[in-house]
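For reference, the structure discussed in these notes is given below.
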Amino acid sequence: MRSLLKSASIVALVAGLAGPAAAETLGFSWPVNVGPLNPHLYSPNQMFAQVMVFEPLVKYQEDGSLAPWLASAWEISEDGRTYEFTLRDDVTFSNGEPFDAEAVVANFDAILANRERHAWLELTNQIQQVEVIDEHHVRLTLQDSYYPLLQDLSLPRPFRFVAPSQLIDGESAQGITAPIGTGPWVLADTRLGEYDHFVRNEHYWGEKPALEGVNISVIPDPNTRAIAFQTGGIDLIYGVDGPISPDTFQRFEQMGQFTTEVSDPIATQMLAINSQQEATRDQAVREAINHAIDKQTMVDTVFYGTQPTADALFSPTLPYADVPLAPYAFDPELARQLLEGAGWRLGDAEGVRQREGARLSTDLVYVGNDAVSKSMAEIIQADLARVGIETRLIGEEESSVYARQRDGRFGMIFNRTWGAPSDPHAFISSMRVPAHADYQAQLGLDDKADIDAMISDILTTTGEERRRELYTALLTRLHESAIYVPLTYTNAIAVARPELGPIPFGAMASEIPFERIAPQGQ
Amino acid sequence: MASFILRRLLLLPLMLLAASALIFFMLRLGPSDPAMDYLRLSSVPPTPQALEHARIMLGLDKPLLVQYITWLKSALQLDFGVSYATQRPVLPDLLYYLPATLQLAGVALLLTLGISIPLGRWAARHQDEAPDQWVRLIAFIGVSMPNFWLGFLLVLLFSVHLGWLPPMGRGGWAHLVMPAVAIALMSLSINARLLRASMLEVKGQRHVTYARLRGLPERHVERSHVFRNALLPIITAVGMHIGELIGGTLIIESIFGWPGVGRFAVSAIFNRDYPVIQCFTLLMVTIFVVCNLIVDIIYAWADPRIRLSAEGAE
Numbered sequence: 001m002r003s004l005l006k007s008a009s010i011v012a013l014v015a016g017l018a019g020p021a022a023a024e025t026l027g028f029s030w031p032v033n034v035g036p037l038n039p040h041l042y043s044p045n046q047m048f049a050q051v052m053v054f055e056p057l058v059k060y061q062e063d064g065s066l067a068p069w070l071a072s073a074w075e076i077s078e079d080g081r082t083y084e085f086t087l088r089d090d091v092t093f094s095n096g097e098p099f100d101a102e103a104v105v106a107n108f109d110a111i112l113a114n115r116e117r118h119a120w121l122e123l124t125n126q127i128q129q130v131e132v133i134d135e136h137h138v139r140l141t142l143q144d145s146y147y148p149l150l151q152d153l154s155l156p157r158p159f160r161f162v163a164p165s166q167l168i169d170g171e172s173a174q175g176i177t178a179p180i181g182t183g184p185w186v187l188a189d190t191r192l193g194e195y196d197h198f199v200r201n202e203h204y205w206g207e208k209p210a211l212e213g214v215n216i217s218v219i220p221d222p223n224t225r226a227i228a229f230q231t232g233g234i235d236l237i238y239g240v241d242g243p244i245s246p247d248t249f250q251r252f253e254q255m256g257q258f259t260t261e262v263s264d265p266i267a268t269q270m271l272a273i274n275s276q277q278e279a280t281r282d283q284a285v286r287e288a289i290n291h292a293i294d295k296q297t298m299v300d301t302v303f304y305g306t307q308p309t310a311d312a313l314f315s316p317t318l319p320y321a322d323v324p325l326a327p328y329a330f331d332p333e334l335a336r337q338l339l340e341g342a343g344w345r346l347g348d349a350e351g352v353r354q355r356e357g358a359r360l361s362t363d364l365v366y367v368g369n370d371a372v373s374k375s376m377a378e379i380i381q382a383d384l385a386r387v388g389i390e391t392r393l394i395g396e397e398e399s400s401v402y403a404r405q406r407d408g409r410f411g412m413i414f415n416r417t418w419g420a421p422s423d424p425h426a427f428i429s430s431m432r433v434p435a436h437a438d439y440q441a442q443l444g445l446d447d448k449a450d451i452d453a454m455i456s457d458i459l460t461t462t463g464e465e466r467r468r469e470l471y472t473a474l475l476t477r478l479h480e481s482a483i484y485v486p487l488t489y490t491n492a493i494a495v496a497r498p499e500l501g502p503i504p505f506g507a508m509a510s511e512i513p514f515e516r517i518a519p520q521g522q
Numbered sequence: 001m002a003s004f005i006l007r008r009l010l011l012l013p014l015m016l017l018a019a020s021a022l023i024f025f026m027l028r029l030g031p032s033d034p035a036m037d038y039l040r041l042s043s044v045p046p047t048p049q050a051l052e053h054a055r056i057m058l059g060l061d062k063p064l065l066v067q068y069i070t071w072l073k074s075a076l077q078l079d080f081g082v083s084y085a086t087q088r089p090v091l092p093d094l095l096y097y098l099p100a101t102l103q104l105a106g107v108a109l110l111l112t113l114g115i116s117i118p119l120g121r122w123a124a125r126h127q128d129e130a131p132d133q134w135v136r137l138i139a140f141i142g143v144s145m146p147n148f149w150l151g152f153l154l155v156l157l158f159s160v161h162l163g164w165l166p167p168m169g170r171g172g173w174a175h176l177v178m179p180a181v182a183i184a185l186m187s188l189s190i191n192a193r194l195l196r197a198s199m200l201e202v203k204g205q206r207h208v209t210y211a212r213l214r215g216l217p218e219r220h221v222e223r224s225h226v227f228r229n230a231l232l233p234i235i236t237a238v239g240m241h242i243g244e245l246i247g248g249t250l251i252i253e254s255i256f257g258w259p260g261v262g263r264f265a266v267s268a269i270f271n272r273d274y275p276v277i278q279c280f281t282l283l284m285v286t287i288f289v290v291c292n293l294i295v296d297i298i299y300a301w302a303d304p305r306i307r308l309s310a311e312g313a314e
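Protein chains in written order, with full-length UniProt numbering: chain A, 1 to 522; chain B, 1 to 314.
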């Protein structure tokens, strides 16, 4: 390890990437600087870095449960509207300020002063009052019972805590003085366009990180990142959204000299089929599409086997998602039979089916400059052509694709779930919002109103058993409607020098658990 | 001469105005919605309320012309707005990144001149012999190879396989070598061939034959009578190369992780970060116009026919 870090720091010094490189400092890279690290705001604050510095009251666990974190315990009133949190008494901010009930309330006040900005998150709309009970107790009062309260509190933002002295006039909407949190890392140094340097929080209340620091070079280009890793400029590649291309990952895997890991499923990448459009209104057509797409070939050729195929909208590893659903197996013959049975007959020379003079034709919308989406779209087009469905590919700019999602101008569109801890509750919640592809895709279903009512029930019911029943009913209904073609489960990848030991994965997609990386021999 | 410079400088604001209008309206001709881009870059879900809020905040609810005039008014006070992606004022950030780009482009220019001039002279001196063929081959490769591909090949050879040079980042001279070579190769190839052609042309002229008849040594003839006259087209070409070199930094900076204005602009283009793209374009127009002006002044000074006719006219 010593020699690795020594050589790594020499390379870094020579390369000048790492700035103040020191022994036992991990070299990492990110496409942009981490931003001002305001825990209550969004971009340009980078989530993984906000999580390094700021902590939640409760922490999302890998199994989907919520564990005590800055709050050591909590009590929920009978009607589900009042939560009393007991705070840990051994926590201080990295500047020595105490983390107590006053600090919690000051942060909630700052967040709620900017309520409009967080309106997308249901909890901000539900909170009525946050008050100090005593030094280590806080009471949160809601308008209605809202079961995912703890999930929302565990999000990377906005419900995390900065030292109250850093708020500007008690608010954070216009910025904070400095990013002082309670987390295991402290931002030590930043150079615009070059690096951000974090050091271990020596006053951390929990288990202290084994690494002394993390140095994050700004590298936007995936190929440059791969080369920086290969030449020793950085020690770790980690990420969800293609920090390196799948084929580069496979190359590192085959080289055999590095640790390469793939996490459990994080989110689902799927195709949403629009039930409002002429051809895809037909249940049989949607089922046929589900049977006609060869996901395994897609995974093998586009993702080089780095992602598993998906059978359901949510991975069964998620809370409430372990519902017995029969997957739509890849079976082109069955797809053809379904279409024949629904009256779609092969007639014209182009091999496109017709029914009463209407061609079985739809479109597939994807982000045009995303090479991965494009390859997936082409595979789907070819698979569907084999059973007699014509697919027009529409590759457009990202914001045009968003606009089509919002107003339903698509036959089929790529979509993905939001990942832990938003899945499944926040994702199903959004199915009721017209601006989402899911709402538009489902709108042609006869029982769309019932589906929406079921979702509202799930979010407000206080009984665990009842909630589970409702989830099972909802997920079964959505599965049977064949509105979605689940394609793959996305996951995080990690490539590291073997001296770093096994690389742990975060429970949330947006978190990188540097504090749990323990270099071997220590 | 002074009035010539003044006239050219007075043209600059007009050119900036035209460029700003062009880029402003062209960006907005596309199908994409700036409010949507803004929300996406701020990672806020694009609910109808959020979109409405963003439209008002960015002034997108007003007619396009009003938007342009509002933007222009602030721009005249050097306020180019706030980047959608970084939420920071645009101009200070661009100026922060500019020196790194000028350093890279400057070294590339030195490389272009420092290598192309000896190469061109060598090739002209040995017309149709081996050296000329070698220079032709180098120029052929240099002109044909895209700079980003050359960049990757250099990194593979010198960083990954040999380990001699750092693959990315900004630091000492070692960091400059590969990106500067990748940017400069095309310009220096063109320049070397241009100088060769120009020297061969001058060589055939009567004043050169006369110099030889006077019995001057061949080296002196080449230096004082051929080379100096052949340099004039090179000066013009340099004006264009400066644009090429700065344009080259756009992609090369991304590949070599060079913290310059080019890399910043490339991510702004990918993100459709309009305020950054607009300000970047104007900055580039200014640099391009000023560099060309300097080149024209040098040209006028170097060519007595222009200098004297200008003085005679005054």
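C-beta: ideal position from N, C-alpha, C; glycine also.
Since the structure is predicted, the reported quantities are computational estimates derived from the model, not experimental observations.
#### Entry: For A:Glu396, the first and last residue of its enclosing beta strand (DSSP E)
Glu390 to Glu396
### Message
Would B:Gly257 pass as an interface residue toward chain A - the criterion being a Cβ-Cβ separation below 7 Å?
### Response
yes
### 7 Å Cβ cutoff, B:Asp61 in contact with chain A
no
### Three or more C-beta pairs below 8 Å linking the segment 409–419 of chain A and the segment 258–271 of chain A
yes
### Task
Check whether the Cβ of B:Val276 lies closer than 7 Å to any Cβ atom in chain A.
no
### Message
So if I threshold CB-CB distances at 8 Å, which residues from the segment 398–422 of chain A count as touching chain B?
### Response
Glu398, Ser399, Ser400, Tyr402, Ala403 and Arg406
### Query
Hey, how far is the Cα of A:Val495 from the Cα of A:Asp264?
Cα-Cα distance, rounded: 15 Å.
### Query
Counting only runs that start and end within the segment 126–177 of chain B, where is the alpha helix (DSSP H) found for 4 or more residues in a row?
130–144 and 147–154
### Task
Name the residue from A:Pro308, A:Leu313 and A:Glu171 whose alpha carbon lies nearest to the alpha carbon of A:His40.
A:Glu171
### Message
Could you check whether A:Phe85 and A:Val162 sit closer than 7 Å to each other, using their CB atoms as the reference points?
### Response
no
### Spatially closest choice to A:Asp152 from A:Trp120, A:Ser399, A:Gly175 and A:Arg468, by CA coordinates
The residue with the shortest Cα to Cα distance from A:Asp152 is A:Trp120.
### Task
Could you check which residue in B:Val177, B:Phe264 and B:Pro131 has the C-alpha nearest to that of A:Glu194?
Closest option to A:Glu194, Cα to Cα, is B:Phe264.
### Query
What does B:Ser254 reach in chain A if we use C-beta pairs closer than 7 Å?
Pro220 and Asp221
### Task
Pull up the CB-CB distance for A:Val387 and A:Arg336, whole angstroms please, since I reckon it's below 8 Å.
5 Å
### Query
What does A:Glu194 reach in chain B if we use C-beta pairs closer than 8 Å?
Gly169, Arg170 and Pro259
### Message
7 Å is my cut-off, CB to CB: does A:Thr268 come that close to chain B?
### Response
The C-beta of A:Thr268 comes no closer than 7 Å to any C-beta of chain B.
### Query
Do you know whose CA, among B:Ile242, B:Asp93 and B:Leu109, lies nearest B:Phe288's CA?
B:Ile242
### Query
The beta strand (DSSP E) with A:Thr488 in it runs from where to where?
Here the beta strand (DSSP E) through A:Thr488 covers Tyr484 to Thr490.
### Query
Mind checking B:Gly114: buried by the 16 CB within 10 Å criterion, or exposed?
By the neighbour-count rule (16 or more Cβ atoms within 10 Å), B:Gly114 is not buried but exposed.
### Query
Are A:Thr224 and B:Gly163 closer than 7 Å when you measure CB to CB?
no
### Message
According to DSSP, is A:Gln129 part of a helix, a strand, or is it coil?
### Response
strand
### Query
If we ignore side chains and look at the alpha-carbon of each, how far apart do A:Leu313 and A:Ile458 end up?
17 Å
### Below-7 Å beta-carbon distance, A:Thr490 vs any chain B residue
no
### Query
Over what stretch of residues does the alpha helix (DSSP H) that includes A:Arg353 continue unbroken?
Per DSSP, A:Arg353 belongs to no alpha helix (DSSP H); it is in the beta strand (DSSP E), Arg353 to Arg355.
### Query
Cβ of B:Asp273 less than 7 Å from any chain A Cβ?
no
#### Entry: For A:Asp363: DSSP bridge partner residues
A:Arg392
### Task
Compare the C-alpha of A:Trp69 against each of A:Asp450, A:Ser77 and A:Val91 and name the closest.
A:Val91
### Query
How would you label A:Glu356, buried or exposed, when you count the other beta carbons within 10 angstroms and need 16 or more for buried?
That one is exposed.
### Query
According to DSSP, is B:Tyr210 helix, strand or coil?
DSSP, reduced to helix, strand and coil, places B:Tyr210 within a helical segment of the structure shown.
### Message
Measuring CB atoms only, is the segment 205–224 of chain B touching the segment 142–154 of chain B, in the sense that at least three cross pairs come out at less than 8 Å?
### Response
no
### Query
From this set, A:Phe198, A:Ile428 and A:Gly305, which residue's C-alpha is nearest A:Val34's C-alpha?
A:Phe198
#### Entry: Cα-Cα separation, A:Asp100 to A:Ala71
10 Å
### Query
Which residue from B:Pro304, B:Met168 and B:Leu157 puts its Cα closest to that of B:Pro259?
B:Met168
### Query
Is A:Ala23 helix, strand or coil by DSSP?
Residue placement at A:Ala23 is poorly supported in this model, since its pLDDT is 48, which falls under 50; the coordinates still yield a value, given next. Looking at A:Ala23 - three-state DSSP - the assignment turns out to be coil, as it is neither helix nor strand.
### Message
In whole angstroms, give me the CA-to-CA distance for A:Thr297 and A:His436.
### Response
Going from the Cα of A:Thr297 to the Cα of A:His436 covers about 29 Å.
### Cβ pair B:Ala170, B:Ala100 closer than 7 Å
Before going on, a small fix: residue 170 of chain B reads as Arg here, not Ala. Yes, these two residues count as a Cβ contact at 7 Å.
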